[in-house]
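> Have a look at this one.
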Amino acid sequence: MATIRDVANLSGVSTATVSNVLNARQDRVGAETRQKVLAAVRELKYRPTALEKNQKAILSHTLGVMVSDLTKDPLNKHGYFRDTYNGILEAALFRGWSVTVFAEKMWDDLGLAIRKSYDGRCDGLLMIAPLRDSESVCMLQERGVPLVLVGTTAASSGVSSVDVDNEAIGVAAAEHLLSLGHRRFAFAGHNPLMSSAHERELGFRRTLIAAGIPAKGYQAYWLREMAVTVPDFAQAVHDHGDARATGWLAWHDGMAQPLIESLLSLGLRVPQDISVVGVDDSFEARECQVPITSFPQNLHAIGKRAANLLIDRLGEDGEHPDEIVRFSSSMVQRASTGPAPTISHPVPNANGGIFPCKEKHSLLSSS
């Protein structure tokens, strides 16, 4: 198995320079030297520190889990992380592996994150829902770190990922609302760089295109880029009057619930005036004032499969191919969706306006 000295010899630099490159100390190494070292790392399939002498003999049998920006009480408040992590733990325990969670603000200092999360004390990393353009994924990948992404799709090839089939969810949501007679549609998301949101919106939009919905019949809204809260956004939807969309897909239940409850507080009816579909089939979906039609995710199975993929890759032969795994989801219909309104419910003080949005998808310009 390749050592750091092998990398140094192949790239024609010192072992100290190789260490600086691998630890993302970019102020100490020029761009050309950095690329030369990384090319050697990839060619030799080098792994850092603890794995240099004998891979099979000194595996730490520890998986690292990278999670960004968890707030207080993550196992109770973050259902996505909790359920996914439980699946990871089950797979790891069954196969005799340990798990270390790196819950710092991983994306604030990528060099520090790499030094802390992949210093030889864990054998590979599971990354929970990094952004589509995450620099951290690229930096870890080019250093030969064994990776599996959970809840996202890599921008480049060569990385395994496990998620629900988000685009299929968007397709099924559109088909459901179309079947109820809706002709004006909208998607409410937070950040288009979140893979799940991007893929759900894409499936939703493409299905509406195929159904012949005209350009003015669809709009995607990204609340982070609009710099508005869900209640403020609901007020804008309310004020849009008869021109508002009646068939909505929300990125997930955590967005659908406050949207529905804000609309209700403004005098709109769900589903008589507006139908809303969510994703996750979560507590929010079941306990909302109007229970939400939603698509469940088997997060436990997703976490379990991701951990098994990484352990397999770290096994004896180390030659397991990268895989893209997508779990299917079947809609659970509840009270938040119904037939399109034939006559719009009266809306007082409608001003015909809605927030401007940087990210707008026109059906005519969609691919």
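So in the working numbering, the last spot in the sequence shown is 357, and the numbers never skip.
For each residue, glycine too, the CB sits at the ideal point set by N, CA and C.
In this text, all values refer to a predicted model and were calculated from it rather than measured experimentally.
#1: Find out if the Cβ-Cβ distance for the pair S50, D113 is shorter than 8 Å.
#2: Which runs of the beta strand (DSSP E) fall wholly inside the region 161 to 223 and span at least 3 residues, in chain order?
#3: DSSP state of G141, grouped into three classes?
#4: Return helix, strand or coil for I269, following the three-state DSSP convention.
#5: Within 8 Å, do at least three Cβ pairs link the region 201 to 218 to the region 162 to 182?
#6: Could you tell me the distance, in whole angstroms, from the CA atom of S268 to the CA atom of R15?
#7: Look up L53 in the DSSP assignment and give the residues it is bridged to.
#8: Count the other C-beta atoms from every protein chain shown that fall within 10 angstroms of the C-beta of K294, then say buried if there are 16 or more, exposed otherwise.
#9: Please list, in chain order, all residues of the same chain as M117 whose beta carbon is under 6 Å from its beta carbon, the five residues on each side excluded.
#10: When you compare each of L168, Q225, L28, R195 to V8 by their alpha carbons, which one comes out closest?
#11: Just mark T197 as buried or exposed, buried being the case when its beta carbon has 16 or more other beta carbons within 10 Å.
#12: Among A21, V154, A(-8), which has the Cα closest to the Cα of S318?
#13: Do T283 and M321 have their C-beta atoms closer together than 8 Å?
#14: Find the nearest neighbour of N156 within the set A205, D232, N288, judged by alpha-carbon distance.
#15: Quick check on this structure: which residue in T23, A297, P329, A325 has the alpha carbon closest to the alpha carbon of T52?
So, from the listed chains and residues:
#1: Taking the sequence shown and counting its residues from 1, one reaches residue 50 at position 60. Taking the sequence shown and counting its residues from 1, one reaches residue 113 at position 123. In this structure, S50 lies near D113, with their beta-carbon atoms less than 8 Å apart.
#2: For the region 161 to 223, whole beta strand (DSSP E) runs of length 3 or above, ordered along the chain, are 175 to 179, 208 to 212.
#3: Counted from its first residue, the sequence shown places residue 141 at position 151. Residue state, collapsed to three classes: coil.
#4: Here residue 269 refers to the residue found at position 279 of the sequence shown. The sequence given here has Val at residue 269, not Ile. Residue state, collapsed to three classes: strand.
#5: When Cβ pairs closer than 8 Å are counted between the two stretches, the region 162 to 182 is seen to touch the region 201 to 218, the count reaching three or more.
#6: Position 278 of the sequence shown holds residue 268. Position 25 of the sequence shown holds residue 15. Going by the sequence as given, residue 268 is Gly instead of Ser. G268 and R15: Cα-Cα distance of roughly 43 Å.
#7: Translated into the one-based positions of the sequence shown, residue 53 becomes position 63. For L53, which the question treats as bridged, DSSP gives the partners V89, G114.
#8: As a first step, residue 294 is located in the sequence shown; it is residue number 304 there, counting from the start. Flag for K294 reads buried.
#9: Sequence index remark: in the sequence shown, residue 117 carries index 127 (1-based). The answer, listed in chain order, is M56, L139.
#10: Start at 1 with the first residue of the sequence shown, and residue 8 comes out as number 18. V8 has its Cα closest to that of L28, out of L168, Q225, L28, R195.
#11: Start at 1 with the first residue of the sequence shown, and residue 197 comes out as number 207. That one is buried.
#12: For the purposes of this step, residue 318 is identified with residue 328 of the sequence shown, where counting begins at 1. Restricting attention to A21, V154, A(-8), the CA atom closest to the CA of S318 is found in V154.
#13: As a working mapping, residue 283 is identified with position 293 in the sequence shown. As a working mapping, residue 321 is identified with position 331 in the sequence shown. For the 8 Å CB-CB criterion, T283 and M321 form a contact.
#14: Numbered from 1 along the sequence shown, position 166 holds the residue referred to as residue 156. Taking each of A205, D232, N288 in turn and checking the Cα distance to N156, the smallest one comes out for N288.
#15: As a working note, residue 52 is residue 62 in the sequence shown. That would be A297, whose Cα lies nearest to the Cα of T52.
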